[in-house]
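A.B. asks:
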Amino acid sequence: KQEVTQIPAALSVPEGENLVLNCSFTDSAIYNLQWFRQDPGKGLTSLLLIQSSQREQTSGRLNASLDKSSGRSTLYIAASQPGDSATYLCAAGFQKLVFGTGTRLLVSP
Amino acid sequence: EAGVAQSPRYKIIEKRQSVAFWCNPISGHATLYWYQQILGQGPKLLIQFQNNGVVDDSQLPKDRFSAERLKGVDSTLKIQPAKLEDSAVYLCASSLEGRKNNFGSGTRLTVV
Numbered sequence: 001k002q003e004v005t006q007i008p009a010a011l012s013v014p015e016g017e018n019l020v021l022n023c024s025f026t027d028s029a030i031y032n033l034q035w036f037r038q039d040p041g042k043g044l045t046s047l048l049l050i051q052s053s054q055r056e057q058t059s060g061r062l063n064a065s066l067d068k069s070s071g072r073s074t075l076y077i078a079a080s081q082p083g084d085s086a087t088y089l090c091a092a093g094f095q096k097l098v099f100g101t102g103t104r105l106l107v108s109p
Numbered sequence: 110e111a112g113v114a115q116s117p118r119y120k121i122i123e124k125r126q127s128v129a130f131w132c133n134p135i136s137g138h139a140t141l142y143w144y145q146q147i148l149g150q151g152p153k154l155l156i157q158f159q160n161n162g163v164v165d166d167s168q169l170p171k172d173r174f175s176a177e178r179l180k181g182v183d184s185t186l187k188i189q190p191a192k193l194e195d196s197a198v199y200l201c202a203s204s205l206e207g208r209k210n211n212f213g214s215g216t217r218l219t220v221v
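Here the protein sequences line up with chains P and F, keeping their order.
Using the numbering used here, the first residue of the first sequence is number 1, and each one after it goes up by one.
Using the numbering used here, the first residue of the second sequence is number 110, and each one after it goes up by one.
#1: Going along the segment 155-172 of chain F in order, which residues come within less than 9 Å of chain P, judged by CB to CB distance?
#2: Would you mind sorting V221/F into buried or exposed? The rule is 16 or more other CB atoms within 10 Å of its CB.
#3: By how many angstroms is the C-alpha of V164/F removed from the C-alpha of C201/F?
#4: Sort W131/F, L205/F, G207/F and Y144/F by Cα distance to P101/F and report the nearest one.
#5: According to the Cβ coordinates, are L155/F and F174/F closer than 8 Å?
#6: From the DSSP secondary-structure annotation, give me the bridge partner or partners of N63/P.
#7: First and last residue of the beta strand (DSSP E) that includes N32/P?
#8: Would you say N133/F lies against chain P (beta-carbon separation less than 8 Å)?
#9: The beta strand (DSSP E) with V220/F in it runs from where to where?
#10: If we call anything under 8 Å between Cβ atoms a contact, is G111/P one with Q6/P?
#11: Which same chain residues, not among the five before or five after Q51/P, have their C-beta less than 8 Å away from its C-beta?
#12: Flag K209/F as yes if its beta-carbon sits less than 8 Å from any beta-carbon of chain P, otherwise no.
#13: Between which two residues does the beta strand (DSSP E) carrying G93/P extend?
#14: If contact means a Cβ-Cβ distance below 9 Å, which residues of the segment 138-151 of chain F contact chain B?
#15: For a contact defined as C-beta to C-beta under 7 Å, what are the partners of G213/F on chain P?
#16: Who are the near neighbours of S118/P in its chain, counting only those whose CB is closer than 7 Å to its CB and skipping five residues on each side?
#17: Considering only the beta carbon of each residue, do P8/P and T103/P sit closer than 8 Å?
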């Protein structure tokens with residue numbers, strides 16, 4: 001049974017810092033690893049999807065990597081902004097997703 | 110294209126009452142999911158439909174939860190009777206075959 005964990009649970013940084021969010025999963029036979037953003041009271045916004053054959057994906061200031069052998073994925077956010085404040089969730093699977101518990105990010109001006 | 114629509118946005122009920130949530134997926138999306146997200150946790154899959162058939166309902170508490178997807182389009186999720194621990198956000202998602210999920214804004218349920 002796939003289990004996904006995220007560290008840290010919460011993170012507070014000043015604006016402009018580069019930061020890394022971590023995600024680990026127990027079953028390396030995953031199809032995809034996906035990172036989502038969730039704003040308070042809102043649904044999920046897909047940020048990046050890494051297919052099992054890929055090692056990383058980039059979108060703007062976001063870069064996500066996948067290391068299946070170690071069961072880990074990281075989301076790198078460059079030059080953080082207050083607008084990046086949200087909860088970030090990683091999820092393993094193809095369409096049926098197993099989510100981690102999320103990292104609550106606060107970026108202060 | 111229009112996104113996944115869910116209603117109501119918020120619902121407050123007393124324990125032992127019943128409640129129903131509605132989801133309208135993106136047009137043409139054959140696969141539909143219901144997830145439960147308890148405060149401070151990640152979403153957990155409750156049920157997956159392919160058209161109007163159930164693919165996976167292994168994590169659905171069938172003694173009190175039920176879901177249907179008539180005509181393979183809209184879906185409803187019902188809880189009867191509700192318990193305090195059912196307080197959560199209920200998220201609906203839909204997808205095309207082989208494509209990633211699209212999530213609705215969710216319904217926030219509070220059971221008092």
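Where is the CB? At the ideal position from N, CA and C, for every residue including glycine.
It should be emphasised that the depicted structure is a prediction, and the values quoted were computed from it without experimental measurement.
C.D. replies: From the atom records:
#1: Within the segment 155-172 of chain F, the residues whose Cβ lies closer than 9 Å to any Cβ of chain P are, in chain order, Q157, V164 and D165.
#2: When all chains shown are included, V221/F counts as exposed.
#3: So the two alpha carbons sit approximately 15 Å from each other.
#4: Given a span of 110 to 221 for chain F in the structure shown, any question on residue 101/F remains unanswerable.
#5: Between L155/F and F174/F, the CB-CB gap stays under 8 Å.
#6: Note: N63/P sits in a beta bridge opposite T58/P and Y76/P.
#7: Taken as a continuous stretch (DSSP letters only), the beta strand (DSSP E) holding N32/P covers N32 to Q38.
#8: Cβ-Cβ to chain P under 8 Å: no for N133/F.
#9: Unbroken beta strand (DSSP E) run through V220/F: T216 to V220.
#10: Only positions 1 to 109 of chain P appear in the structure, and residue 111/P is not among them; the question remains open.
#11: Excluding positions up to five away in sequence, the list reads Y31 and N32.
#12: Residue contact with chain P for K209/F: present (Cβ-Cβ distance below 8 Å to some residue of chain P).
#13: Annotation for G93/P: the continuous beta strand (DSSP E) segment containing it runs A86 to G93.
#14: No chain B appears in the structure shown, which is made up of the protein chains P and F.
#15: Ordered by position in chain P, the residues that pass the 7 Å Cβ test against G213/F are G43.
#16: With chain P running from 1 to 109 in the structure shown, residue 118/P is simply not present.
#17: The Cβ atoms of P8/P and T103/P sit closer than 8 Å to each other.
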